[in-house]
Amino acid sequence: YGMGGIGKTTLAKAFYNKVVRNFEQRVFVSNVRERSSGHGDGLLNLQKCFIKELFRLEPQIEDVNGGRDKIRESVHEKKILVVLDDVDNVDQLNALVGERSWYGEGSLIVITTRDEEILSKLSVDQRYEVQCFTEEQALKLFSYHSLGKEKPTESLLELSKEIVEVTGRLPLAVEVFGSLLYDKKEKEWQVQLEKLKNFQRDKLHGVLALSFESLDDEEKIVFLDIACLFVKMEISKEEVVDVLKGCGFNGEAA
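Take the sequence shown: its position 80, counted from the start at 1, is 80 in the UniProt record's numbering, and no numbers get skipped.
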């Protein structure tokens with residue numbers, strides 16, 4: 001658990017990839033909070049995706065209770081790995097994984113969340129709080145995205161240290177801000193740093209806002225089209241590019 005942008009998803013994916021071969025069936029469900037909200041069928045659609053990815057079959061379910069029954073029946077006595085990313089409601093857990101007794105010996109359920117209270121309600125066996133980067137870790141990530149190397153040059157070292165401190169050493173903020181400054185001159189680094197210092201909201205929101213404002217007009221339109229129209233769709237990057245090109249945009253900007 002930990003604040004948004006701190007690296008919970010990255011750690012969960014790395015862990016999943018490391019242990020996945022030890023299980024009969026496995027599933028990684030991303031963006032649970034977002035995918036289960038917005039309309040009445042959110043949880044039901046998430047159940048359908050869960051069953052389809054876990055057992056490679058098209059589920060015939062009409063409501064959440066029916067989905068729970070299907071999941072209980074399918075996971076019975078099997079050794080299963082489940083990772084649920086960005087959970088913010090106990091109902092999501094009840095709908096997707098049900099009860100521990102459903103699963104076979106050696107099964108493992110991993111949850112990432114911003115809210116530690118959810119873990120307390122679930123009486124989890126172990127919990128791990130993801131911490132912000134150390135200065136050394138943040139500098140390495142920032143340098144990789146801003147300069148394409150592991151360490152900043154001597155002339156940019158102090159400025160780089162100041163930048164990672166202003167981002168709060170939050171991994172997502174460090175990565176986005178580093179990418180924003182890639183191939184930019186030192187003067188532009190200073191300009192963007194001052195903008196971030198003056199941003200009144202939280203650090204991550206400030207970095208993301210600056211990153212958006214750095215786009216040209218067409219890139220902003222493409223970004224908003226993707227955010228509003230495609231983000232919840234099961235669609236490949238190539239298909240998105242084709243749609244944008246058909247609308248007269250530079251699809252490669254996606």
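For every residue, glycine included, the Cβ atom is placed at its ideal position computed from N, Cα and C.
Treat the numbers as computed from the prediction; the structure is a model and nothing was measured.
Leaving out the 5 sequence neighbours to the left and right, which residues in its chain are closer than 8 Å to I51 when beta-carbon positions are compared?
-> Contacts found: L57, P59, I61, G67, K70, I71, S74.
Could you give the DSSP three-state label for D217: helix, strand or coil?
-> The three-state reading of DSSP puts D217 in helix, counting H, G and I together.
L54: which of V83, D217, V64 sits nearest, CA to CA?
-> It is V83 whose Cα lies nearest to the Cα of L54.
Could you check the C-alpha separation between E136 and G4 for me, to the nearest Å?
-> Distance from the CA atom of E136 to the CA atom of G4, rounded to whole angstroms, is 21 Å.
Look up I111 in the DSSP assignment and say whether it is helix, strand or coil.
-> Here I111 sits in strand by DSSP.
Quick one: using the 10 Å Cβ neighbour count with 16 as the cut-off for buried, is E150 buried or exposed?
-> By the 10 Å Cβ count, E150 comes out exposed.
Please determine if the segment 153-171 and the segment 5-14 are in contact, where contact requires at least 3 C-beta pairs separated by less than 8 Å.
-> When C-beta atoms of the segment 153-171 are compared with those of the segment 5-14, three or more pairs fall below 8 Å, so the two segments count as touching.
In the DSSP assignment, what are the bridge partners of H145?
-> For H145, no pairing in a beta bridge is given by DSSP.
Specify the secondary structure class of Q25 as computed by DSSP and reduced to three states.
-> In this structure, Q25 counts as strand in the three-state DSSP scheme.
Pairwise C-alpha distance: T153 and K195 = A straight-line Cα-Cα distance of about 23 Å links K195 and T153.
Exposed or buried, Q92, counting other C-beta atoms within 10 Å across all chains shown (16 or more means buried)?
-> So Q92 ends up on the buried side.
Hey, how far is the Cα of C132 from the Cα of V174?
-> When the Cα atoms are used, C132 and V174 turn out to be separated by approximately 11 Å.
Which whole-angstrom value describes the C-beta separation of K185 and V166, a residue pair presumed to lie in contact below a C-beta threshold of 8 Å?
-> Not quite, the Cβ-Cβ distance comes to about 19 Å (not below 8 Å), so this is no contact.
Can you give, in chain order, each stretch of the beta strand (DSSP E) that sits fully within the UniProt domain "NB-ARC" (1-145) and has at least 3 residues?
-> Assignment of beta strand (DSSP E) within the UniProt domain "NB-ARC" (1-145), counting only whole runs of 3 or more residues, yields 25-29, 80-87, 108-113 in chain order.
DSSP three-state assignment for D242, whether helix, strand or coil | In the displayed model, D242 falls within a helix according to three-state DSSP.
Measure the Cβ-Cβ separation of L119 and Y16 and say whether it is below 9 Å.
-> Contact check for L119 against Y16 fails: the beta carbons are separated by 9 Å or more.
For V241 and K220, the rounded distance between their alpha carbons = Roughly 15 Å separates the two Cα atoms.
Does the Cβ of L139 have 16 or more other Cβ atoms within 10 Å, making it buried, or fewer, making it exposed?
-> By the neighbour-count definition (other C-beta atoms within 10 Å, threshold 16), L139 is a buried residue.
Simplified DSSP state of G248, which is helix, strand or coil = It is coil, neither helix nor strand.
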